[in-house]
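Residue numbers (this note's numbering): 14 to 412. Below is one structure, written out as structure tokens; comments come after it.
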């Protein structure tokens, strides 16, 4: 019987009725058709043409269908407890919201919801925190980046923190919002380290040292709160003065560079002048020491010679005086180009080429023919003994 049949739901014993006698469908007939179709669904036996007309379902049939439906729902519910944990992750099973166990990679099963639930934590993922900026150092977050230094200056600092989860249970249960807590810990640790350093050191000298100290302090705080987080690296992306004082700070930096340049130039000049001055001082000292030794030696020689002359003078005063006179006159006249002679003598007069002799003495290169006159000169006093004797008699007469 089709649902579009106008006699559907009116009973099979009733005859056809006109259109004016149509009423509401028979509820008993609807219930019988529903039970019949439900029974055919579970029995999976199609009705033939000669089958008996449907009978009202029994209580046993209704109970069997409900059991099958409940079993299907139960199977689907139990199957919802399977879950997969990928390599590098950990699964945390919760029983009514409380930690039950931790599972490793692979196919795992837990009691379905609402009895148990699970959360997946990625232990191999490197997470990054951006403090003082977002996505780009030009996109600054001033409330995070402006920090106070030890010399009471303000520095605009942006840095990044990379970390991994080392304890999944602690990461989920010990901190309510672990990523937000990691951000606050990173900012707090960096502010503490910046507050212990001077601005010049932060900008130009110790950025790596500052980053390492901040990393160690962050890790100490995480360990104290047992957040299950391991800090990998801390990298300072940018450090500069605030934009409002950037021009003045650039002038100060330029002045510092000029100071260093002049200092280096002065040091280079000192390194050049001081060794030369020390060398000159050492040379003068050596020359003075040599002059001292020479003067002392000459004085000692003069004193020794004077003592010898004094000893000879005590023995023969007259002879010593004559000898001293002759030696003195020889020293004086040896540097004179004039000839002094006794014109009263009758001896032979020898002419000496004094100009040539003095020229040879000045050049120090006497020639062969010019070497003979000194020999004659040496013989000249002996050739005129009367002249020398007259000089001696004259000297005695004067005294």
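In this text, a Cβ means the ideal position worked out from N, Cα and C, and glycines have one as well. Quantities reported herein were computed from a predicted structural model and do not represent experimental measurements.
Within 8 Å, strictly: CB atoms of residue i and residue j
| i | j | result |
| --- | --- | --- |
| residue 133 | residue 104 | yes |
| residue 154 | residue 147 | yes |
| residue 230 | residue 200 | no |
| residue 202 | residue 227 | yes |
| residue 174 | residue 142 | yes |
| residue 494 | residue 170 | With the chain covering 14 to 412 only, the question about residue 494 has no answer from this structure. |
| residue 207 | residue 162 | yes |
| residue 123 | residue 94 | yes |
| residue 264 | residue 212 | no |
| residue 178 | residue 215 | no |
| residue 191 | residue 246 | no |
| residue 250 | residue 172 | yes |
| residue 221 | residue 210 | no |
Own chain, CB closer than 7 Å to residue i, minus 5 neighbours either side, in chain order
| i | result |
| --- | --- |
| residue 90 | 125 |
| residue 106 | 113, 114, 116, 123, 129, 131 |
| residue 102 | 118, 133, 134, 135, 136 |
| residue 157 | 144, 145, 200 |
| residue 234 | 198, 202 |
| residue 391 | Residue placement at residue 391 is flagged as unreliable, the pLDDT there being 39, under the threshold of 50; the coordinate-derived value follows with that caveat. Closer than 7 Å at the Cβ level, and outside the excluded window around residue 391, lies no residue. |
| residue 306 | none |
Rounded C-alpha distance that separates residue i from residue j
| i | j | result |
| --- | --- | --- |
| residue 188 | residue 276 | 55 Å |
| residue 313 | residue 283 | 44 Å |
| residue 296 | residue 289 | 10 Å |
| residue 100 | residue 185 | 19 Å |
| residue 81 | residue 92 | 16 Å |
| residue 119 | residue 218 | 50 Å |
| residue 98 | residue 117 | 7 Å |
| residue 248 | residue 96 | 38 Å |
| residue 347 | residue 299 | 35 Å |
| residue 308 | residue 344 | 21 Å |
| residue 420 | residue 316 | This structure leaves residue 420 out entirely; the chain is present only between 14 and 412. |
| residue 83 | residue 244 | 51 Å |
| residue 384 | residue 336 | Model confidence at residue 384 stands at a pLDDT of 42, short of 50, so the residue's coordinates are unreliable; what they give is reported in the following sentence. Their Cα atoms are separated by approximately 28 Å. |
| residue 327 | residue 319 | 12 Å |
| residue 269 | residue 279 | 15 Å |
| residue 286 | residue 375 | 42 Å |
| residue 232 | residue 110 | 29 Å |
| residue 339 | residue 302 | 36 Å |
| residue 333 | residue 341 | 12 Å |
| residue 151 | residue 257 | 16 Å |
| residue 321 | residue 293 | 42 Å |
| residue 372 | residue 349 | 13 Å |
| residue 121 | residue 236 | 31 Å |
| residue 274 | residue 281 | 11 Å |
| residue 266 | residue 238 | 42 Å |
| residue 41 | residue 87 | 32 Å |
| residue 79 | residue 48 | 12 Å |
| residue 291 | residue 149 | 59 Å |
| residue 272 | residue 225 | 31 Å |
| residue 331 | residue 311 | 27 Å |
| residue 176 | residue 193 | 13 Å |
| residue 85 | residue 50 | 19 Å |
| residue 329 | residue 323 | 10 Å |
Other residues of its chain near residue i: CB distance less than 6 Å, five sequence neighbours each side excluded
| i | result |
| --- | --- |
| residue 254 | 262 |
| residue 108 | 129 |
| residue 325 | 333 |
| residue 166 | 212 |
Cβ-heavy atom distance, residue i to the ligand HEM, below 7 Å
| i | result |
| --- | --- |
| residue 229 | The model depicted lacks the ligand HEM and carries no ligand whatsoever. |
8 Å contact criterion, which residue i and residue j should meet: CB distance rounded
| i | j | result |
| --- | --- | --- |
| residue 195 | residue 242 | 6 Å |
Chain C contact for residue i (CB, 8 Å cutoff)
| i | result |
| --- | --- |
| residue 205 | Of the protein chains in this structure there is only one, and it is not chain C. |
Please specify which runs of the beta strand (DSSP E), each continuous and at least 3 residues long, are wholly inside the stretch 152 to 189, giving them in chain order.
Within the stretch 152 to 189, the complete beta strand (DSSP E) runs of at least 3 residues fall at 159 to 161, 167 to 178.
Sequence ranges, beta strand (DSSP E) only - wholly within the stretch 213 to 298, length at least 3
242 to 253
Going along the chain, which unbroken runs of the alpha helix (DSSP H) with 4 or more residues stay wholly within the stretch 303 to 358?
Runs of the alpha helix (DSSP H) spanning 4 or more residues and lying entirely within the stretch 303 to 358 occur at 330 to 346, in chain order.
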